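Working notes, beginning with the structure itself.
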């Protein structure tokens with residue numbers, strides 16, 4: 003298991019977001035339905051150990067579980083949940099405004115197979131979810147921390163591999179996408195070097211995942227002339 007003690011450097015910095023009246027209402031009225039309330043350890047986005055909870059307790063059924071790390075404003079998460087009613091989706095996000103926006107969108111589209119956690123992703127995968135409970139992990143456009151001195155903050159590194167391995171069931175899938183080539187190359191090197199994972203693509207990059215909708219964030223990257231790099235790996239049985 004990766005080192006998740008409080009001194010471990012986080013892969014994000016929390017930023018304030020504008021909270022409209024609608025978003026404030028979401029946090030009051032919709033949180034009981036969509037937001038998973040978990041006890042904390044030392045930090046505001048931490049997850050206390052020993053809380054592993056079967057996802058069936060949140061969804062009231064047993065179904066494939068897909069976790070999106072960094073669900074942002076919720077466009078991808080709600081889109082996927084709406085189109086895949088046979089699966090259950092857990093969005094992990096640290097920005098309260100994004101969580102509120104996601105709840106509003108899910109409620110407007112009457113999406114029930116979606117839950118959200120406001121917490122640090124590695125701690126969700128190790129402390130909140132049981133081992134082997136997840137069918138897929140999606141990491142789309144994680145913070146690239148593009149300055150060399152900040153590269154150590156990136157989520158996907160060698161230390162994150164055992165976290166993924168523990169969360170996924172055998173044959174489970176991790177899907178990644180970024181518009182930052184150097185980070186894409188790093189993620190590919192990390193997962194290529196992991197004996198527990200195998201490529202699910204040929205050539206340099208995976209084809210675009212057909213279940214990934216074109217979000218406003220991705221459109222901005224394309225408008226700036228950036229290429230999009232997809233990767234897909236399977237946890238070996």
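In this note's numbering, the protein residues as written are 3 to 239.
We put the CB at the ideal spot given by N, CA and C, even for glycine.
Owing to the predicted nature of the structure, the values given are computational and were not obtained by experimental measurement.
Quick one, are the C-beta atoms of residue i and residue j less than 8 Å apart?
i           : j           : result
residue 115 : residue 83  : yes
residue 70  : residue 101 : no
residue 118 : residue 93  : yes
residue 90  : residue 123 : no
residue 179 : residue 232 : yes
residue 138 : residue 175 : yes
residue 42  : residue 33  : no
Going by C-alpha distance, which of the options is nearest residue i?
i           : options           : result
residue 214 : 59, 234, 171, 157 : 234
residue 166 : 40, 47, 68        : 68
residue 201 : 238, 160, 126     : 238
residue 126 : 227, 72, 228      : 72
residue 171 : 236, 148, 23      : 236
residue 26  : 159, 177, 99      : 99
residue 216 : 150, 182, 81      : 81
What is the rounded straight-line gap between the Cα of residue i and the Cα of residue j?
i           : j           : result
residue 184 : residue 207 : 13 Å
residue 96  : residue 143 : 15 Å
residue 218 : residue 194 : 30 Å
residue 199 : residue 86  : 25 Å
residue 107 : residue 76  : 7 Å
residue 61  : residue 169 : 18 Å
residue 224 : residue 105 : 27 Å
residue 204 : residue 191 : 15 Å
residue 79  : residue 189 : 22 Å
residue 35  : residue 140 : 23 Å
residue 196 : residue 163 : 7 Å
residue 220 : residue 177 : 16 Å
residue 158 : residue 186 : 10 Å
residue 8   : residue 210 : Residue confidence for residue 8 is low, a pLDDT of 38 falling below 50, so the modelled location carries little weight; the figure read from the coordinates is stated next. When rounded, the distance between both Cα atoms is 36 Å.
residue 44  : residue 111 : 36 Å
residue 153 : residue 145 : 10 Å
residue 229 : residue 148 : 15 Å
residue 226 : residue 39  : 38 Å
residue 46  : residue 37  : 15 Å
residue 28  : residue 103 : 8 Å
residue 23  : residue 222 : 27 Å
residue 2   : residue 181 : Missing from the structure shown is residue 2; the chain here goes from 3 to 239 and no further.
residue 14  : residue 156 : Note that residue 14 has pLDDT 45, beneath the 50 cutoff, so the model's placement of it is unreliable and the number below is only indicative. The straight-line gap from Cα to Cα measures roughly 8 Å.
residue 52  : residue 161 : 21 Å
residue 151 : residue 30  : 40 Å
What does residue i pair with, by DSSP beta-bridge criteria?
i           : result
residue 90  : 67
residue 200 : 236
residue 142 : 179
residue 170 : 136
residue 231 : 180
residue 117 : 92
residue 37  : 118
residue 208 : 232
- the region 54-72 / the region 117-131 touching (three or more Cβ pairs under 8 Å): yes
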